[in-house]
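Residue numbers (this note's numbering), protein chains in the order written: chain A, 17 to 239; chain B, 299 to 767.
Here a beta-carbon is modelled for each residue, glycine too, at the ideal position from N, C-alpha and C.
Take a look at the structure below.
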Ligand code: SF4
C-alpha cells in the first residue's frame, strides 16, 4: 500500500463489493436514500390472511392448539383464586415471583406465596402480565423493562400470564402499531411467546418443556 | 466446518446401506411433509404471501448496501456495537477478541448456521473459551462429536436409542429410553450453563434496518436465554439477512414457521435492540453484532443471486427424494439438500462440490415448497453448465455429451443408434422390466437403483407405425 492511500476497512470493502455486484458502484444518491427512508417509516404490511374471526374465540382456540391452558377472572382481584385453582389441580408449587404491578394482589388469602421481585434460578413459578396478546396465533407479546422482567416468563417451569381481554390484538402487525402508539421506542427485547417451550430434536417427536417453561397458563381478565 | 462435499457419491452409498439412518429419516415424510400441508392450508392467501415474500427479499438484496448502513446506524444509536467481517475466519477472530476483551470464560450458543460454516466453536475452544451448544439437536451433535445433518433438526439422523447411549455415557446417569425423559435430562444438564455463562452467541434469522434490531426464532427457549442471561451477547449474521421493517419480518414469519416445522408460529420470537437499558434487571451489558460476507457478495453478483433469498426453513430438504434417502451428511458441508447443492458450490467453489448439483432428480418438489420461490433446479442446472464450461466434468461424460450432440444433429444416425439402444435395453431388462446393472461407467448409476428397461421400440418407430395406421 502506498502512503497516503486511504485504509479500506472490512466495512468499506464489503459495501464496495455489494455495490459492484449490484452493478451500480455507487451508494444510493440523496434522493433515493430519502425515498427509501420514507418507505421504511411507513412500514407497509405484507398481504394479510383472512382475519374475520372473533378475537377472543380465536385467541382461546389458538392457545389450546399451543398447549397453553386458559382460565378467566372477572377482575384482577379474582386472579389469585384462579391461580390457586390451577396450581392445586395440578399439584404444583404455590410459591414464586411476579411482576411488581401484581405485587399488591391478595395472594396470601388465596394460599399462595407470591413475591414481587425478579426470579432466581430456583423459582418454580413466574407470574407476569403482557403488553398485549396476539389472537391470530395465541401469542403473548412481552416487552423487557425494569418492571417487566423477561426472566420471570423464562426460567420457572410454570409461567402464568395475566391477560386483560382489552389487550387482545389481531396480528403481530397490530402489536407493532400498538407499541409505536404507546411507547417512545422499542424496549431492549420484544419476545413473542407462544405456549410452553418445545423440541422435536429426537426422532421428530414433540416434547413440551425444554429450556423455557413446561407449562404456560393464561388468566383472561374482564370482558 | 470442514468441507467434504467431494465425496458425495461414496457417502451417499454408505448412507443408503445404514439401517439406523433409514429408520431415523422415515419420520421426515410423516411429520414434516404431511404437517406442512395442513399448516400452509391455514392461510387462505398463501401464494400471495409467498409472492410478496419473494419480492421483499429481492428488493432487500437490490438495496443491500443501503439497508446494512441503515441497520448499522440504528443499532449503534441504541448502543449495539456493529462489526464487519469479510471472511468467516475474520468473524471467528472478532468473536474471540470480543470474548477476550470482556474476560469471558464460558459461552452458551444458540444454533447458528454461520457458526457452523466457520467452525466457530472449535476456534473459540482453541482460544480458551468454553462453548456449549444449547439447542437440543446441536447439543446431541456436540456431545457425540458429530456434524449436523439438517438445518432445523440437526440430529435427525440419530435414533433415540443412540441418544440414550450417548447421554448415559456423557452424563453418567442411569440410562433413559423415553424421549421426554431424555429431553428432561438435557434440560437439567444445560440449565446451570445458562446461569453461569458470561457470553451468549446467537445467529440471526433477520436484521431489521429500520430499528437496528436482530431477531431469532426458537422453539426451545435457548435463544431467549442466550440473549437475556449472560452479560455479553454476540449475534452473528450474514449480510443477506437484512429486511427493511418489523412488518416485513412479521409477514414472512407466517411462511417461515409453517414451512420449517409446520407450526403457525414458533414458540419464541426474540427481537433484540441494543444492550440492557437503565433500570433493566436482565439483559447483557454488551451487545455486539458481527455482519459477515464470507462469499455472499460473490453470489450476489452471480447468476445464483436468488439463492440469497433463502430464509433457512429446510422445506426443500424435507421434500427432496434424494435427501429423504441419504440424509444430510453426504452433502459434505453445512447446508444439505437442494439449497446445499446450490450454496456449497456457490460459497466453496464449483470445483469443490462437483457431485452436488447432480444430486437431484429435478422433480422440482423443492422449488414448489420454497416459501421465497427460489428456483432451485434452475440454479443447479446453471451450476452444471458452469462445470461443463470449465471442463470440470469427467472425460467420459463430456465425450458422451459431445457424441450425443453430434448424433442428435444428424437425424438418420440418431434414429439408427436409438433403435439399437432400445433393443439392447429391452434384452437386458429382467422379467419386471427393470435393469439391475448397467455396463461400463453407467454401472455406478444402478449400484443403488434399478433402471426401467425400454419397451424395445423407440418413440420414432411407434410414431411412424401409428402414422402408417
Ligand atoms: S431454499 Fe427455500 S425451501 Fe430451502 S431452506 Fe431456503 S427458503 Fe427454505
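- Among the residues of chain B, those whose CB is under 8 Å from the CB of residue 63/A are 343, 346, 347, 350, 549, following chain order.
- About 12 Å separates the beta carbons of residue 135/A and residue 164/A, which is beyond the 8 Å limit, so they are not a contact pair.
- Counting only runs that start and end inside the region 465-510 of chain B, the beta strand (DSSP E) elements of at least 3 residues fall at 497-500, 504-506.
- Contact note: residue 106/A does not reach chain B at a C-beta cutoff of 8 Å; the least C-beta distance is about 17 Å.
- Look at residue 334/B: its beta carbon is at least 7 Å from all of the heavy atoms in the ligand SF4.
- Judged by DSSP secondary structure, residue 566/B falls within the beta strand (DSSP E) whose first and last residues are 566-570.
- If you ignore the 5 residues before and after residue 367/B, its C-beta comes within less than 8 Å of no other C-beta in its own chain.
- When rounded, the separation of the alpha-carbon atoms in residue 485/B and residue 682/B is 45 Å.
- Using a Cβ-Cβ cut-off of 8 Å, residue 214/A counts as an interface residue toward chain B, since at least one Cβ of chain B sits closer than that to its own.
- Proximity of chain B to residue 35/A at the Cβ level (cut-off 8 Å) is accounted for by 363, in chain order.
- In the structure shown, residue 358/B adopts helical secondary structure according to DSSP, grouped into three states.
- Using beta-carbon distances, residue 578/B counts as an interface residue toward chain A, with a partner under 8 Å.
- The Cβ neighbour count for residue 660/B, taken over all protein chains shown within 10 Å, is under 16; the residue is labelled exposed.
- Here the alpha carbons of residue 420/B and residue 399/B stand approximately 19 Å from one another.
- Chain A places no beta carbon closer than 8 Å to that of residue 761/B, leaving this residue out of the contacts.
- Taking 9 Å as the cut-off between beta carbons, the residues of the region 137-163 of chain A near chain B are 137, 150, 152, 153, 154, 155, 160, 161, 162, 163, in sequence order.
- In this structure the region 375-392 of chain B touches the region 580-599 of chain B; the number of beta carbon pairs closer than 8 Å is three or more.
- Taking 8 Å as the Cβ-Cβ cut-off, the region 605-617 of chain B has no residue approaching chain A.
- Within the same chain, 394 come within 7 Å of residue 425/B by CB-CB distance, once the 5 residues on both sides are set aside.
- Within the DSSP secondary-structure output, residue 626/B pairs in no beta bridge.
- When C-beta distances to chain A are compared with 9 Å, the residues of the region 557-579 of chain B below that value are 559, 561, 562, 563, 564, 565, 566, 567, 568, 569, 570, 571, 572, 573, 574, 575, 576, 577, 578, 579, in chain order.
- In the structure shown, residue 611/B falls within a coil segment according to DSSP collapsed to helix, strand and coil.
- Collapsing the DSSP output to three states places residue 538/B in a helix.
- The DSSP-derived three-state label of residue 595/B is helix.
- Judged by the Cβ position, residue 669/B qualifies as a neighbour of the ligand SF4 at the 7 Å threshold, a heavy atom of the ligand being closer than this.
- Secondary structure at residue 142/A: strand, using DSSP grouped into helix, strand and coil.
- The beta carbon of residue 678/B does not come within 8 Å of any beta carbon belonging to chain A, so the residue lies off that interface.
- For residue 613/B, the shortest separation between its Cβ and any heavy atom of the ligand SF4 lies below 7 Å.
- In this chain, the beta strand (DSSP E) harbouring residue 232/A covers 231-237.
- Secondary structure at residue 79/A: helix, using DSSP grouped into helix, strand and coil.
- Residues of chain B with a Cβ closer than 9 Å to the Cβ of residue 189/A are, in chain order, 544, 545, 548, 549.
- Note on geometry: alpha-carbon atoms of residue 664/B and residue 74/A lie some 33 Å from one another.
- Take residue 523/B, set aside five residues on each side of it, and the residues of its chain with a beta-carbon closer than 6 Å to its own are 492, in chain order.
- Between residue 670/B and residue 607/B, the CB-CB gap stays under 8 Å.
- The three-state secondary structure of residue 683/B, taken from DSSP, is helix.
- Residue contact check for residue 537/B against chain A: a CB pair falls below 8 Å.
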